[in-house]
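Engineer: For what it's worth, the numbering used here labels the leading residue of the sequence shown as 6, then goes sequentially. In this text, a Cβ means the ideal position worked out from N, Cα and C, and glycines have one as well.
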Amino acid sequence: MEFVLTAEQKDLIARIQRLKEEKQAVILCHNYQRPEIYEVADFIGDSLELCRKAQTTRARMIVFSGVYFMAESAAILNPSMKVVIPAKDAGCALSDMITPEALRRKKYEYPDAAVVCYVNSTAAVKAESDVCCTSSNAVDVVRSVPHKRVLFVPDKNLANFVAKQVPEKEIIPWDGFCPIHQRLSADYLLRAKQLHPNAKIIAHPECTDDVREIADYVVSTSGMMKVAKESEATEFICTTECGMIQRMKREMPEKKFYTVCSVCFDMKKNTLENIEEALISEQHEIIIPEPVRIKAYRAFERMFEISSPKKQIFVAV
Ligand code: 13P
Ligand code: SF4
Numbered sequence: 006m007e008f009v010l011t012a013e014q015k016d017l018i019a020r021i022q023r024l025k026e027e028k029q030a031v032i033l034c035h036n037y038q039r040p041e042i043y044e045v046a047d048f049i050g051d052s053l054e055l056c057r058k059a060q061t062t063r064a065r066m067i068v069f070s071g072v073y074f075m076a077e078s079a080a081i082l083n084p085s086m087k088v089v090i091p092a093k094d095a096g097c098a099l100s101d102m103i104t105p106e107a108l109r110r111k112k113y114e115y116p117d118a119a120v121v122c123y124v125n126s127t128a129a130v131k132a133e134s135d136v137c138c139t140s141s142n143a144v145d146v147v148r149s150v151p152h153k154r155v156l157f158v159p160d161k162n163l164a165n166f167v168a169k170q171v172p173e174k175e176i177i178p179w180d181g182f183c184p185i186h187q188r189l190s191a192d193y194l195l196r197a198k199q200l201h202p203n204a205k206i207i208a209h210p211e212c213t214d215d216v217r218e219i220a221d222y223v224v225s226t227s228g229m230m231k232v233a234k235e236s237e238a239t240e241f242i243c244t245t246e247c248g249m250i251q252r253m254k255r256e257m258p259e260k261k262f263y264t265v266c267s268v269c270f271d272m273k274k275n276t277l278e279n280i281e282e283a284l285i286s287e288q289h290e291i292i293i294p295e296p297v298r299i300k301a302y303r304a305f306e307r308m309f310e311i312s313s314p315k316k317q318i319f320v321a322v
């Protein structure tokens, strides 16, 4: 169904635009956010793009429309900036599958391993890691570490995806997963393919092995945009969080998008209403203890030293 703004939403959008100017604020928005939020966003992207934007943004305040670890990443990367998240309980079930204490214990078991930490993790877990990565640069990051062994946390699906492409490393996956991507099944995808035989399948690397194996492309959320824009194909089946195809349909109305998807309710906790509230009250501010922030920053810094924006697409093997 086509997405249409209501009259109330249009009023709210106009008020938010005025408030942004008054407050010298920018709104950074993840691809999975509600489509009406795209209308007030200064930038929409995947985790890596949002990290880069957070680092270079010149404003007084960032209103981060995404989940908590994303807003926290912005605060790690740009400490002089006030970063607020409209819904303070917008968490990430995957990031909650590891604690810094549990990671410290695992590090004792594998003292010779590099710790590569997916960005979907808390600042405290990043602070215990050697280097950070996102879905769009995980392969490059793992390939680049000098260690033979890599303790990859917290997503086992992304770890397995990386392990297949970097066979020279021994990857020890943490037993975490994204429940939203875990429940996307290869059976549903094959049924969708039967209905749309000409469509290319695009999957997120958080999907399980059997889903990734039948995908034509395995890419980050912004990688999905890029693949669909650059491909000569005109039909795509995207398997990831349901919000993704809203952005694809909005920016590529000439192409057809189908989806085998599941909703991340945490991603949907930000609304136009609480964004307006966040701009007025300047709440909820992300505060990270400085010793933790400095260590987490180092993990990001190593990631930026490695990752190049040119290497963002991984074709499924
Ligand atoms: P991306 O970095 O690909 O946008 O992924 C973030 C995420 O949380 C996927 O579930
Ligand atoms: Fe976390 Fe999964 Fe939601 Fe992404 S989709 S924010 S990994 S719970």
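Tell me the start and end of each unbroken alpha helix (DSSP H) in the region 201-259 that is at least 4 residues and wholly inside, in chain order.
Structural biologist: 214-219, 226-235 and 249-256
Engineer: Please state whether the Cβ-Cβ distance between T127 and L53 is less than 8 Å.
Structural biologist: Here residue 127 is taken as the residue at index 122 of the sequence shown, counted from 1. Here residue 53 is taken as the residue at index 48 of the sequence shown, counted from 1. No, Cβ-Cβ distance for T127 and L53 is not below 8 Å.
Engineer: Does the distance from the CB of S70 to the CB of L33 come in under 8 Å?
Structural biologist: Reading the sequence shown from its first residue, position 65 is the one you call residue 70. Reading the sequence shown from its first residue, position 28 is the one you call residue 33. The answer is yes: Cβ separation under 8 Å.
Engineer: With distance defined between alpha-carbon atoms, name the residue in P151, D117, I103 and S141 nearest to A132.
Structural biologist: As a position in the sequence shown, residue 132 is number 127, starting the count at 1. Considering only alpha carbons, the answer is I103.
Engineer: Mind checking which residues open and close the alpha helix (DSSP H) that includes M272?
Structural biologist: For the purposes of this step, residue 272 is taken as the residue at position 267 of the sequence shown. Segment: none, M272 is in no alpha helix (DSSP H) and carries neither H nor E.
Engineer: By the DSSP assignment, the alpha helix (DSSP H) with K28 in it spans what residues?
Structural biologist: Looking up residue 28 in the sequence shown gives position 23. Taken as a continuous stretch (DSSP letters only), the alpha helix (DSSP H) holding K28 covers A12 to K28.
Engineer: Check for me: the alpha helix (DSSP H) holding K261 runs from which residue to which?
Structural biologist: Position 256 of the sequence shown, counted from the first residue, corresponds to residue 261. Element bounds for K261: not the alpha helix (DSSP H) but the beta strand (DSSP E), K261 to S267.
Engineer: Rounding to the nearest angstrom, what Cα-Cα distance links K25 and F74 in this structure?
Structural biologist: Translated into positions along the sequence shown, residue 25 becomes position 20. Translated into positions along the sequence shown, residue 74 becomes position 69. If you take the alpha carbons of K25 and F74, they lie about 23 Å apart.
Engineer: What does the Cβ neighbour count give for N325, buried or exposed, with the cut at 16 atoms within 10 Å?
Structural biologist: Given that the chain is displayed from residue 6 to residue 322, the structure contains no residue 325 and the question cannot be resolved.
Engineer: Which value, in whole angstroms, describes the spacing of the CA atoms of E106 and C269?
Structural biologist: Taking the first residue of the sequence shown as position 1, residue 106 is located at position 101. Taking the first residue of the sequence shown as position 1, residue 269 is located at position 264. If I take the Cα positions, the gap works out to 27 Å.
Engineer: So which of K28, I81, S149 and V216 has the shortest CA-CA distance to I293?
Structural biologist: Against the sequence shown, residue 293 aligns to sequence position 288. The candidate whose alpha carbon is nearest that of I293 is I81.
Engineer: On the three-state DSSP scale, how would you describe V297?
Structural biologist: Along the sequence shown, one-based indexing puts residue 297 at 292. Helix at V297.
Engineer: Alpha carbon to alpha carbon, what distance is there between Q251 and E240?
Structural biologist: Locating residue 240 in the sequence shown gives position 235, where the first residue counts as 1. Locating residue 251 in the sequence shown gives position 246, where the first residue counts as 1. Near 15 Å, if we compare the C-alpha coordinates of Q251 and E240.
Engineer: Quickly, what does DSSP pair D160 with across the bridge? List them, please.
Structural biologist: The residue you call residue 160 lines up with position 155 of the sequence shown. G181, per the DSSP bridge assignment.
Engineer: At a cut-off of 7 Å, would you count T127 as near the ligand ATP, judging by its Cβ distance to the nearest heavy atom?
Structural biologist: Among the ligands in the structure shown, the ligand ATP does not appear; only the ligand 13P and the ligand SF4 can be found there.
Engineer: Given a threshold of 16 other Cβ atoms within 10 Å of its Cβ, counted over all protein chains shown, does Q38 qualify as buried or as exposed?
Structural biologist: As a working mapping, residue 38 is identified with position 33 in the sequence shown. It is buried - the Cβ of Q38 has at least 16 other Cβ atoms within 10 Å.
Engineer: Rounded to a whole number of angstroms, what is the C-alpha to C-alpha distance between L55 and V72?
Structural biologist: Looking up residue 55 in the sequence shown gives position 50. Looking up residue 72 in the sequence shown gives position 67. Going by the C-alpha atoms only, they are around 12 Å apart.
Engineer: For the ligand SF4, any of its heavy atoms closer than 7 Å to the Cβ of L99?
Structural biologist: On the sequence shown, position 94 is the one that residue 99 refers to. It does: the Cβ of L99 is within 7 Å (strictly closer) of some heavy atom of the ligand SF4.
Engineer: What's the C-alpha gap between H209 and P40?
Structural biologist: Here residue 209 refers to the residue found at position 204 when the sequence shown is read from its first residue. Here residue 40 refers to the residue found at position 35 when the sequence shown is read from its first residue. C-alpha separation (whole angstroms): 20 Å.
Engineer: Regarding D271 and the ligand 13P, is the C-beta to nearest heavy atom distance less than 7 Å?
Structural biologist: Numbered from its first residue, the sequence shown carries residue 271 at position 266. D271 Cβ: outside cutoff for every heavy atom of the ligand 13P.
Engineer: D160 to S100, Cα distance in whole Å?
Structural biologist: Position 155 of the sequence shown, counted from the first residue, corresponds to residue 160. Position 95 of the sequence shown, counted from the first residue, corresponds to residue 100. Cα-Cα distance, rounded: 9 Å.
Engineer: For L284 and E278, what's the separation of their Cα atoms in angstroms?
Structural biologist: In the sequence shown, the residue the question calls residue 284 occupies position 279. In the sequence shown, the residue the question calls residue 278 occupies position 273. Whole-angstrom Cα-Cα distance: 10 Å.
Engineer: For V322, count neighbouring C-beta atoms within 10 Å of its own C-beta (all shown protein chains included) and say buried if the count is 16 or more, exposed if not.
Structural biologist: Here residue 322 refers to the residue found at position 317 when the sequence shown is read from its first residue. Low per-residue confidence applies at V322: pLDDT is 33, beneath 50, and the placement is therefore not dependable, though the value from the model is reported in the following sentence. Its Cβ having fewer than 16 others within 10 Å, V322 is exposed.
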